[in-house]
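J.:
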Amino acid sequence: MKILGIRGSPRRGGNSDQLLEWFLSEATSDMVDILTPSQLHLQFCRGCRYCENTGFCVIRDDMDEVIRKLLEADRIVVSTPVFFYGLPASFKALVDRVQPLWARRYIFGETMPEKIGFLLAVGATRGEQLFKGVVLTIRYFFDALGCVYKGGLFFRGFDVSGSIKECVVCQEEVKASGRYFLRGEKR
Ligand SMILES: Cc1cc2nc3c(=O)[nH]c(=O)nc-3n(C[C@H](O)[C@H](O)[C@H](O)COP(=O)(O)O)c2cc1C
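Going by this note's numbering, the sequence shown opens with residue 208, and the numbers climb by one from there.
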C-alpha cells in the first residue's frame, strides 16, 4: 500500500507537520512518501485551458512528478494550517495544478485508480467557520483525483510552532485515526 502525505505548511517542524507525524506513526517508511509543496518548484496555473483539451498541463516542472505520485497513491493524507481561511499559497498552487486530472475525469471520462483521503488541519483562532474554506478546497482537490474524502480532524487555538505537541489528547486522537485510516476504515 502506498500512502502519500502532503505537508501544507511552509513552516517545517510546526503544528501541521506534527499532526502528520502522529497520524503516520504506525506506517512503515517503505509505505510512505511525503510531498512538501513549499519545497517544490511549482509554477502557478495559468488558466490557459490547455489541459481541458489534452488532459495534460502545458507547464513542465515538479508537478509532473507530483501528478505521478498522486495517481499511484492508495491513500492520501493532507495536513495543513489555515492561512486567511484557506490553504497556504504554495499548497494552493499545487491544488490548482491538478486541473489536468479534473479534465481527464470530467471531460474525458477517465476512471481514476481508487483511493481514500483524510484531512488534518490546524488554526490559531477558534471560530466556528475556521476550517470551512480548507475543507471545501480539499474535498474538491480529492475529487479531481477520484479520491474519496473520509473526513478530517481539526485543531483550534494553536499558533506557536510545535505548541500542539503539548496536547496529549490531540496526539491520542490523531494516532487512533491514523490507525483506522491505514486499515481503510473511518473512525
Ligand atoms: C499568513 C498566515 C495566515 C494565517 N491565517 C490564519 C487564519 O485565517 N485563521 C487562523 O486561525 N490562523 C491563521 N494563521 C495561523 C496558523 O494557522 C497557525 O499558526 C498554525 O498553527 C500554523 O501551523 P504550522 O505550524 O503547521 O505552520 C495564519 C498564519 C499565517 C502565517
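Ideal Cβ placement from N, Cα and C applies to all residues, glycine included.
Name the one or two DSSP bridge partners that Leu327 has.
T.: Indexing the sequence shown from 1 puts residue 327 at position 120. Per DSSP, Ser286 and Leu360.
J.: Using alpha carbons as the reference points, say which of Gln336, Ile210, Arg214 and Asp303 lies closest to Leu327.
T.: Taking the first residue of the sequence shown as position 1, residue 327 is located at position 120. Comparing Cα positions, the closest option is Arg214.
J.: Please classify Gln336 as buried or exposed, where buried requires at least 16 neighbouring CB atoms within 10 angstroms.
T.: Within the sequence shown, residue 336 is the residue found at index 129, counting from 1. The residue is exposed, with fewer than 16 neighbouring Cβ atoms inside 10 Å.
J.: Look at the alpha carbon of Leu301 and the alpha carbon of Trp229, and state the distance between them as a whole number of angstroms.
T.: As a first step, residue 301 must be located in the sequence shown, where it is residue number 94. As a first step, residue 229 must be located in the sequence shown, where it is residue number 22. Rounded to the nearest angstrom, the two C-alpha atoms are 24 Å apart.
J.: Pick out every residue whose C-beta is nearer than 6 Å to a heavy atom of ligand 1: which are they, in chain order?
T.: Any residue whose Cβ sits closer than 6 Å to a heavy atom of ligand 1 makes the list: Ser216, Arg218, Gly221, Asn222, Ser223, Asp224, Pro288, Val289, Phe290, Phe291, Tyr292, Val329, Gly330, Ala331, Thr332, Leu337, Phe365, Asp366 and Ser368.
J.: CB Phe348 to CB Val305, shorter than 8 Å?
T.: Mapped onto the sequence shown, residue 348 falls at position 141. Mapped onto the sequence shown, residue 305 falls at position 98. Yes, these two residues count as a Cβ contact at 8 Å.
J.: By alpha-carbon positions, which one of Ser216, Met208 and Phe338 ends up nearest to Thr235?
T.: Here residue 235 refers to the residue found at position 28 of the sequence shown. Among Ser216, Met208 and Phe338, the Cα nearest to that of Thr235 is on Met208.
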